[in-house]
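These notes concern the structure reproduced below.
Protein chains: 4
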Amino acid sequence: MKASIGVGLIGTGYMGKCHALARNSVKPVFGSGPQPRLVHLAEVNAAIAQTKADEFGFAKATGDWRELIADPEVDVVSVTTPNAFHAEMAIAALEAGKHVWCEKPMAVALADAERMAAVAKASGKVAVLGYNYIQNPLVRHIGALLEQGAIGSVNHVRLEMDEDFMADPEALFYWKSEASSGYGALDDFGVHPLSLLHVLFGSVARVFAHLAKPYPTRPTKEGTARAVETFDIASVLFEMGRRDQWRHGAQPLGPGPQGAHCAADFRVQGLDCL
Amino acid sequence: MKASIGVGLIGTGYMGKCHALARNSVKPVFGSGPQPRLVHLAEVNAAIAQTKADEFGFAKATGDWRELIADPEVDVVSVTTPNAFHAEMAIAALEAGKHVWCEKPMAVALADAERMAAVAKASGKVAVLGYNYIQNPLVRHIGALLEQGAIGSVNHVRLEMDEDFMADPEALFYWKSEASSGYGALDDFGVHPLSLLHVLFGSVARVFAHLAKPYPTRPTKEGTARAVETFDIASVLFEMGRRDQWRHGAQPLGPGPQGAHCAADFRVQGLDCL
Amino acid sequence: MKASIGVGLIGTGYMGKCHALARNSVKPVFGSGPQPRLVHLAEVNAAIAQTKADEFGFAKATGDWRELIADPEVDVVSVTTPNAFHAEMAIAALEAGKHVWCEKPMAVALADAERMAAVAKASGKVAVLGYNYIQNPLVRHIGALLEQGAIGSVNHVRLEMDEDFMADPEALFYWKSEASSGYGALDDFGVHPLSLLHVLFGSVARVFAHLAKPYPTRPTKEGTARAVETFDIASVLFEMGRRDQWRHGAQPLGPGPQGAHCAADFRVQGLDCL
Amino acid sequence: MKASIGVGLIGTGYMGKCHALARNSVKPVFGSGPQPRLVHLAEVNAAIAQTKADEFGFAKATGDWRELIADPEVDVVSVTTPNAFHAEMAIAALEAGKHVWCEKPMAVALADAERMAAVAKASGKVAVLGYNYIQNPLVRHIGALLEQGAIGSVNHVRLEMDEDFMADPEALFYWKSEASSGYGALDDFGVHPLSLLHVLFGSVARVFAHLAKPYPTRPTKEGTARAVETFDIASVLFEMGRRDQWRHGAQPLGPGPQGAHCAADFRVQGLDCL
Numbered sequence: 032m033k034a035s036i037g038v039g040l041i042g043t044g045y046m047g048k049c050h051a052l053a054r055n056s057v058k059p060v061f062g063s064g065p066q067p068r069l070v071h072l073a074e075v076n077a078a079i080a081q082t083k084a085d086e087f088g089f090a091k092a093t094g095d096w097r098e099l100i101a102d103p104e105v106d107v108v109s110v111t112t113p114n115a116f117h118a119e120m121a122i123a124a125l126e127a128g129k130h131v132w133c134e135k136p137m138a139v140a141l142a143d144a145e146r147m148a149a150v151a152k153a154s155g156k157v158a159v160l161g162y163n164y165i166q167n168p169l170v171r172h173i174g175a176l177l178e179q180g181a182i183g184s185v186n187h188v189r190l191e192m193d194e195d196f197m198a199d200p201e202a203l204f205y206w207k208s209e210a211s212s213g214y215g216a217l218d219d220f221g222v223h224p225l226s227l228l229h230v231l232f233g234s235v236a237r238v239f240a241h242l243a244k245p246y247p248t249r250p251t252k253e254g255t256a257r258a259v260e261t262f263d264i265a266s267v268l269f270e271m272g273r274r275d276q277w278r279h280g281a282q283p284l285g286p287g288p289q290g291a292h293c294a295a296d297f298r299v300q301g302l303d304c305l
Numbered sequence: 032m033k034a035s036i037g038v039g040l041i042g043t044g045y046m047g048k049c050h051a052l053a054r055n056s057v058k059p060v061f062g063s064g065p066q067p068r069l070v071h072l073a074e075v076n077a078a079i080a081q082t083k084a085d086e087f088g089f090a091k092a093t094g095d096w097r098e099l100i101a102d103p104e105v106d107v108v109s110v111t112t113p114n115a116f117h118a119e120m121a122i123a124a125l126e127a128g129k130h131v132w133c134e135k136p137m138a139v140a141l142a143d144a145e146r147m148a149a150v151a152k153a154s155g156k157v158a159v160l161g162y163n164y165i166q167n168p169l170v171r172h173i174g175a176l177l178e179q180g181a182i183g184s185v186n187h188v189r190l191e192m193d194e195d196f197m198a199d200p201e202a203l204f205y206w207k208s209e210a211s212s213g214y215g216a217l218d219d220f221g222v223h224p225l226s227l228l229h230v231l232f233g234s235v236a237r238v239f240a241h242l243a244k245p246y247p248t249r250p251t252k253e254g255t256a257r258a259v260e261t262f263d264i265a266s267v268l269f270e271m272g273r274r275d276q277w278r279h280g281a282q283p284l285g286p287g288p289q290g291a292h293c294a295a296d297f298r299v300q301g302l303d304c305l
Numbered sequence: 032m033k034a035s036i037g038v039g040l041i042g043t044g045y046m047g048k049c050h051a052l053a054r055n056s057v058k059p060v061f062g063s064g065p066q067p068r069l070v071h072l073a074e075v076n077a078a079i080a081q082t083k084a085d086e087f088g089f090a091k092a093t094g095d096w097r098e099l100i101a102d103p104e105v106d107v108v109s110v111t112t113p114n115a116f117h118a119e120m121a122i123a124a125l126e127a128g129k130h131v132w133c134e135k136p137m138a139v140a141l142a143d144a145e146r147m148a149a150v151a152k153a154s155g156k157v158a159v160l161g162y163n164y165i166q167n168p169l170v171r172h173i174g175a176l177l178e179q180g181a182i183g184s185v186n187h188v189r190l191e192m193d194e195d196f197m198a199d200p201e202a203l204f205y206w207k208s209e210a211s212s213g214y215g216a217l218d219d220f221g222v223h224p225l226s227l228l229h230v231l232f233g234s235v236a237r238v239f240a241h242l243a244k245p246y247p248t249r250p251t252k253e254g255t256a257r258a259v260e261t262f263d264i265a266s267v268l269f270e271m272g273r274r275d276q277w278r279h280g281a282q283p284l285g286p287g288p289q290g291a292h293c294a295a296d297f298r299v300q301g302l303d304c305l
Numbered sequence: 032m033k034a035s036i037g038v039g040l041i042g043t044g045y046m047g048k049c050h051a052l053a054r055n056s057v058k059p060v061f062g063s064g065p066q067p068r069l070v071h072l073a074e075v076n077a078a079i080a081q082t083k084a085d086e087f088g089f090a091k092a093t094g095d096w097r098e099l100i101a102d103p104e105v106d107v108v109s110v111t112t113p114n115a116f117h118a119e120m121a122i123a124a125l126e127a128g129k130h131v132w133c134e135k136p137m138a139v140a141l142a143d144a145e146r147m148a149a150v151a152k153a154s155g156k157v158a159v160l161g162y163n164y165i166q167n168p169l170v171r172h173i174g175a176l177l178e179q180g181a182i183g184s185v186n187h188v189r190l191e192m193d194e195d196f197m198a199d200p201e202a203l204f205y206w207k208s209e210a211s212s213g214y215g216a217l218d219d220f221g222v223h224p225l226s227l228l229h230v231l232f233g234s235v236a237r238v239f240a241h242l243a244k245p246y247p248t249r250p251t252k253e254g255t256a257r258a259v260e261t262f263d264i265a266s267v268l269f270e271m272g273r274r275d276q277w278r279h280g281a282q283p284l285g286p287g288p289q290g291a292h293c294a295a296d297f298r299v300q301g302l303d304c305l
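Top line first, the protein sequences correspond to chains A, B, C and D. Heads up: the first sequence begins at 32 in the numbering used here, then just goes up one per residue. Heads up: the second sequence begins at 32 in the numbering used here, then just goes up one per residue. Heads up: the third sequence begins at 32 in the numbering used here, then just goes up one per residue. Heads up: the fourth sequence begins at 32 in the numbering used here, then just goes up one per residue.
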């Protein structure tokens, strides 16, 4: 086991800062074991990269993320850039022999996600997506109870996840409002409840969804109104493949047929309802 | 105005009893005004009809509902029979010149419902369906607030309605388990939240639904297992036509485009989750 | 068993109407068995009594409740008058050999309640107080689960009961606003959660309470402001004697000492919080 | 303004680690401004102190907290030791000219708290208690709304705070179970909702409380059962002085008398209810 792990960070927004703080807290939280070294930080230009490297405690800074990936001192790369860049950066890092922790959503297009999965598999490296909720021990405990059949057949699951950070109609148009970011609320945090469904109830068989844009335009810094290209709200009705639910061979104790389907509906909302 | 109103009742199950009790309580609850007279009661045979007429306080009893409809003393007919009979009885009563209060669901097949609506319109009589929730003054108040635009554009509505009366796997197969009763939980009480959506948010544009049968069979009185033919659980995702919402010309105060759509999802469940 | 039971009703307000409707519904709801006959109704004067007797279906009417109690055709007397009259009327009815169903609260003063209990015991008649919630089969089921020790020791119980009927500051001063009615919200409906605590967790060992009058005055019909004499809100913290909880000899399964105390707090509120 | 602030930490338990992590995150979270330097860490002996200093990143370690307080490089002292030591350590640090951030509860005895307050006032130093919830901008916003009279008179406030970390009856007896730690759940986290009441609704006029010990004993490391000396559950009913509520001169908009009292009840619980 290496005494320390060289970390590279691409992107220093909300999640980039979270990754940096998390790496910094490994020693006080977990004590002994290999420690992360904050080796290299990449941003859109060298000046921003240097400022953030100072704040977050990284040794080197670069305005070119390919330099970071080429750095032999970097063992693992955190990809915390806008969604549209995930595929290119994660694939490049894996092909350069780095481990990768890429933020969710995996990619904007299915084909990109499939390429990422294939490269990750071929690389033999550790490739992790930022679905942090499924790491919660509580979720594992729910999964264990379901596998034991503790509540019998599950006929319906409901999840709701609301965020109010775009509730203000005066909040500015930004990268998540751009078409290149995908499906808005559904991509941005709807993937979290979906990740729970996937882990607890198996793969999705069918999806029905309603997406909405309550604010059709948002102001820009220049004071003009720009059409919002992504969705702020999603109501989704899933059918989950139940056979997968009991994948480890346990039988449900309660009533209900094996192999039946389970509906899972959820709502995600990027606006405040107050 | 007539001094009293002659009431005929077809069917004496759960809802038939409710209608009889309600008719009996008109005077103590509302005081003056025309009073119902409990004139004629019909059941599947003369003996049951007589027993129920004694219990509920009806003057005449019959095993043939067409006798009741032909009775000139009957002004209004309550149809509280199993769903499959609603269309035939309600149409016959309207065509005989009676007012009709028919229980929900209106009918099992769309064509039957359309025939009922046409006959009711042509008859000039009062024809009411048993959607009692929409009569609640609270719902009218919600409607008034929506029309005033008090909360701006409504992007999402969620309703849930659970009943536990079929939660026991030992509960017997009965008429609501039969294919002739329609879609089970959705028809039986899912129509109530749907009636609220219709009154408050306008007509339905699209429907996605997941229906389930947690107990594939139920015991019969004879002790055999019979396949359940209707659904016990429904998860439904609606798109409501928003233009209808503001049908009286009021403008929403808040953000959001006119004529946009609104998602409404609901879950109905004929089983206990405990 | 008598073929029918002669009913006398003193008071025709909200609860008096409830008693009349309930008596009228015995046959349709329960079918066979002795039926109530609505014999005699008393109000504050003969004219009001006659009007209400007609509405509710009582045979005789009187402006003097002592005539009703002296009526040999009356077997059971419903006392549904303002709180201040409960003791005098219930005691007189019991002493005249009638069964009594007296509304809650039992009495305004402890001494009155103790006299009522003593007379009821000596009379050998059925004497019931209007604590209808404790008759709910659900509550009995909770009680059975507690006795079986299904959830172990209960350390805390929380009940909340809110009514909005006096939420409007323009609502008129009325008899429940008078000092003779006792403690307001606490007497008026706080006794309901208290009755549940008493039935489920045993007798009260200590009480701490905070009572409030959010509206110090209310308008009268004459248009003047009159000081409210009772309380609209009560926050109450009880200590319940736990030894009583397990009164039928069952032992709790879970952790916790026998004979320990249980706190039960509740809030009653005669005002709308919206 | 100093370029950096020398930090001393006494105690490295749950809250000591929180303080260390928080100091470490100042730069990434807040960017520019004076930065904390982790100067000196004290524990019960030199070995533990050195281990923790390495984990948390402190330059010096000591088994004698008085050495830390005497260290001229230390500007501010975090006191995160068991409750019984707060008074002695905080007072010593203030008298040595240090700023102090002392964890809650302030002290176990009122006299100690009063001494601490007096010394803090005389010292002219910044003395902060660890009531972190009241620093939440949401709470300040609630306070602003109350001051504006946005919801009129507040008649009742209810807070509930539950922790499950002592839910397991096999959880070991530890320092919070000792009589020297004060009142258990009430001292340990009941002070948090109390701090919110104090900030939002003014000072407490009267307190009624019920404290309970669901588990009368807990196992020790040596395998014996030791009597729990503090309380795991508290139900508390407060009367708050309402005149203080409107302390900045704002008048409530709604109904209700000035200077009236407000009840605030809360429940704290150191056990899991599942």
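Ideal Cβ positions, reconstructed from N, Cα and C, are used throughout, including at glycine.
Asked: 7 Å Cβ shell around G44(C) - same chain, five flanking residues per side excluded; Found: T111
Asked: Pick from G88(D), E74(D), A73(D) that is closest to P67(D), judged by C-alpha positions; Found: G88(D)
Asked: Segments of 3+ residues assigned as beta strand (DSSP E) that fall wholly inside the segment 213-242 of chain D; Found: none
Asked: Validate contact between the segment 91-106 of chain D and the segment 69-82 of chain D using beta carbons, cut 8 Å, 3 pairs; Found: yes
Asked: Residues bridged to I249(B) (per DSSP); Found: The sequence given here places Arg at residue 249(B); Ile does not occur at that position. Note: R249(B) sits in a beta bridge opposite R257(B).
Asked: Sequence-distant residues of its chain with Cβ nearer than 6 Å to V131(D) (five each side left out); Found: V108, A121, A124, L125, A158
Asked: Chain-ordered chain A contacts of S56(D) [CB-CB under 9 Å]; Found: L52, N55, S56
Asked: Other residues of its chain near L242(A): CB distance less than 6 Å, five sequence neighbours each side excluded; Found: F262, A265
Asked: Simplified DSSP assignment, three categories, for P168(A); Found: helix
Asked: Contacts that I264(B) makes with chain A (C-beta to C-beta distance below 7 Å); Found: N186, H187
Asked: Alpha-carbon spacing of V60(C) relative to K48(B), whole angstroms; Found: 8 Å
Asked: Any alpha helix (DSSP H) of 4 or more consecutive residues that is wholly inside the segment 119-161 of chain C; Found: 141-154
Asked: Three CB pairs or more closer than 8 Å across the segment 199-207 of chain B and the segment 250-258 of chain B; Found: yes
Asked: For T112(B), the residue or residues it bridges with in DSSP; Found: In DSSP, T112(B) forms no bridge with anything.
Asked: Interface residues of chain B facing H229(A) [CB-CB closer than 9 Å]; Found: Near H229(A) there are no residues of chain B at all, since even the closest Cβ is about 17 Å away, more than 9 Å.
Asked: Own chain residues within Cβ distance below 6 Å of A84(C), not counting five before or after; Found: L72, A92
Asked: Residue environment, A142(A), which counts as buried when at least 16 other CB atoms sit within 10 Å; Found: exposed
Asked: Residue span of the alpha helix (DSSP H) that contains A84(A), given as start and end; Found: 77-87
Asked: Contact set between E59(B) and chain C, taken where Cβ atoms lie within less than 7 Å; Found: A small correction: the amino acid at residue 59(B) is Pro; Glu does not occupy that position in the sequence shown. Near P59(B) (Cβ distances below 7 Å), the residues of chain C are K48, A51, L52, E86, F87.
Asked: Cutoff 6 Å; reference I182(B); Cβ partners in own chain excluding five residues on either side; Found: none
Asked: Neighbouring residues, chain B, relative to G62(C) (Cβ below 8 Å); Found: E86
Asked: Status (buried if at least 16 other CB within 10 Å, exposed otherwise) for E145(D); Found: exposed
Asked: Cβ distance (whole Å) where P136(A) is taken to contact D193(A) below 8 Å; Found: That belief does not hold up - the Cβ atoms of P136(A) and D193(A) are roughly 18 Å apart, past 8 Å.
Asked: Buried or exposed (CB count within 10 angstroms, at least 16 for buried), R278(A); Found: Because the pLDDT at R278(A) is just 35, under 50, the model does not fix this residue reliably, and the value given afterwards should be weighed accordingly. It is exposed - the Cβ of R278(A) has fewer than 16 other Cβ atoms within 10 Å.
Asked: C-alpha distance - Y214(D) paired with V230(D), whole-angstrom precision; Found: 22 Å
Asked: Between the CA atoms of L228(B) and Y164(B) - distance to the nearest angstrom; Found: 11 Å
Asked: CB of D321(B) within 8 Å of CB of G161(B), strictly; Found: This structure cannot settle anything about residue 321(B), because the visible part of chain B is limited to 32 through 305.
Asked: Residue closest to P224(D), alpha-carbon to alpha-carbon, out of E191(D), A240(D), I41(D); Found: E191(D)
Asked: For V38(A), the residue or residues it bridges with in DSSP; Found: L69(A), V107(A)
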